[in-house]
Amino acid sequence: MKKEMTIGEQLRAEREKRGYSIDDVHQKLKIHPDALNRLENDNFTNSPGGGIYIKGFLKQYADFLGLNVQEILSEFSAVGVKPKSVEFSIGTQKSEDKGTDFRKFWLPIKRHQKEILKVLSWMGIFLAALIVSFLVLRTAGSLVHRISVNWNYHQQVKKENKALQQAAKPKKQVAKPAEAKSVSSPQAQAVTVPAEVINDGFLNSPARHNFPLISENDKLVLKIETITDVWMRVSADDEVLFERILKSNTSEEWMANKSFYIRFGRPEGALLTVNGEKIGKPGDGKVKAVTISRDGIKQA
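Have a look at this one:
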């Protein structure tokens, strides 16, 4: 590098030698292109911060180009920050608008900083209020809908349980004279016994027509909805999946390969659904522990 070259000429020559454009250097060092042009034109005056910022940019630029940083800074100190004839303009080395510099870009923003922050703060508060209002309205609507659904479901389950209780009562059969002889036959006796009164130990089963038929290829799907706060422990295939209080008007759903075991604190507050079929309260709300399999529901 020739000694008679100025600082700016050294910078420009080395940049062009390396094949960099001003924009390339800007992208790498994040120094504004106008500041880079000032450095290459030895225009060290009328810059924000004076010699402090210029010296920092100069050091960074010289180091990036592989120049001797100490030599460049020594030359800068020797030259000092003196006015130059080269003026600053965006995108050019010379301009008719000689008063333009970095301050004209940043001072208006800094001058109105408080007002800008105040406007942004109010905008943020307004936006937050809109979001909160939307969430509150959405939650309230969902809650009203859930209460309505649970109430209707509860009433329907009560009707179904009442119908099941009526169906479970043994019906008196009056034997006709023509059939009296066939009663002594064991096969005939088996035929006349209603499925509802078979003592199989199940509270619900497909034979009782109050439990769904579930294929071996299908998983058991249990859904529990609550009408009051209910503590429960739910195990699927001997693995505990849930053990806590299920709040009123909420529901949970689980799957099992073979069976469920459920213990309730308040069985009268829980409504069961198995594979989409509504069962109602376990044992009419009187049974605190049950097992559920493809064969049905048993008291545990």
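Residue numbers (our numbering): 8 to 307. We treat Cβ as the ideally placed atom computed from N, Cα and C, and that holds for glycine.
Who are the Cβ neighbours of K305 in its own chain at under 7 Å, not counting the five residues just before and after it?
G208, F209, L210, V297 and T298
Per DSSP, what are the beta-bridge partners of F271 in this structure?
Listed as beta-bridge partners of F271 by DSSP are M239.
If you compare alpha carbons, which of E11, N256, K24 and K37 is closest to I79?
Ranking the options by Cα distance to I79, first place goes to E11.
In three-state terms, what does DSSP make of G303?
strand
With DSSP run on the structure shown, which of helix, strand or coil describes K125?
helix
Of the residues L248, D70, A243 and D236, the one placed nearest A277, counting alpha carbons only
D236
Nonlocal neighbours in the same chain, by C-beta distance under 7 Å from R273, ignoring five residues either side
T235 and V237
The alpha helix (DSSP H) spanning I29 covers which residue range?
I29 to L36
G15 burial status per 10 Å Cβ neighbour count (16 or more: buried)
buried
Is the beta carbon of A263 sitting closer than 8 Å to the one on A243?
yes
Test item: CB-CB of Q67 and I38 under 8 Å:
yes
Rounded C-alpha distance that separates H257 from K169
Contrary to the premise, residue 257 reads as Thr rather than His in this sequence. Between T257 and K169, the C-alpha separation is close to 24 Å.
Can you give the Cα-Cα distance for D302 and S212, rounded to whole angstroms?
Taking the CA atoms as reference points, D302 sits about 6 Å from S212.
With a threshold of 16 other CB atoms inside 10 Å of the CB of D41, please say whether the residue is buried or exposed.
buried
7 Å Cβ shell around A187 - same chain, five flanking residues per side excluded
Note that A187 scores a pLDDT of 40, beneath 50, so its modelled location is shaky; the value from the coordinates is reported in the next line. If we look at A187 and ignore the five residues flanking it on each side, it has no Cβ neighbours.
Alpha carbon of R19 to alpha carbon of A85, nearest angstrom:
20 Å
Mind checking A136: buried by the 16 CB within 10 Å criterion, or exposed?
exposed
Going by C-alpha to C-alpha distance, which of S266, Q34 and D291 sits closest to K226?
S266
Taking all protein chains shown into account, do 16 or more other C-beta atoms lie within 10 angstroms of the C-beta of Q100, making it buried, or fewer, making it exposed?
A caution first: Q100 carries a pLDDT of 42, below 50, which makes its placement in the model too unreliable to give a value.
Mind checking A197: buried by the 16 CB within 10 Å criterion, or exposed?
Only weak support exists for where A197 lies, its pLDDT of 42 falling under 50; the coordinates are left without a value.
Nearest-angstrom Cα separation, counted from F141 out to K288:
36 Å
How would you call T253, buried or exposed, if buried means at least 16 neighbouring beta carbons within 10 angstroms?
According to the sequence displayed, residue 253 carries Leu and not Thr. Its Cβ being crowded by 16 or more others within 10 Å, L253 is buried.
Distance, Cα to Cα, W261 vs K125?
51 Å
R145 versus F249 - alpha carbon distance:
28 Å
Would you grab the beta carbon distance between P219 and N282 for me? Rounded to a whole angstrom, and I think it's under 8 Å.
Between P219 and N282 the beta-carbon gap is near 5 Å, inside 8 Å, which marks them as a contact.
Relative to the C-alpha of A307, which residue among T280, I286, G131 and F271 is closest?
F271
Candidates L65, Q34, K62 and L72: which alpha carbon is nearest K24's?
L72
Please report the straight-line C-alpha distance between F133 and L127, rounded to a whole angstrom.
Pairing F133 with L127, the inter-Cα distance amounts to about 10 Å.
Below 8 Å on the Cβ atoms is my contact criterion, and I expect V241 with I269 to pass it. Report the Cβ-Cβ distance as a whole number of Å.
Rounded to whole angstroms, the Cβ separation of V241 and I269 is 5 Å, and the two are in contact under 8 Å.
Assigned secondary structure, A185 (DSSP; H/G/I helix, E/B strand, else coil):
Note that A185 has pLDDT 47, beneath the 50 cutoff, so the model's placement of it is unreliable and no number is given.
Within the continuous beta strand (DSSP E) that includes I231, where are the two ends?
Here the beta strand (DSSP E) through I231 covers L227 to T233.
Looking only at its own chain, which residues have a Cβ that is under 6 Å from the Cβ of G292, when we skip the five neighbours before and after it?
P274 and E275
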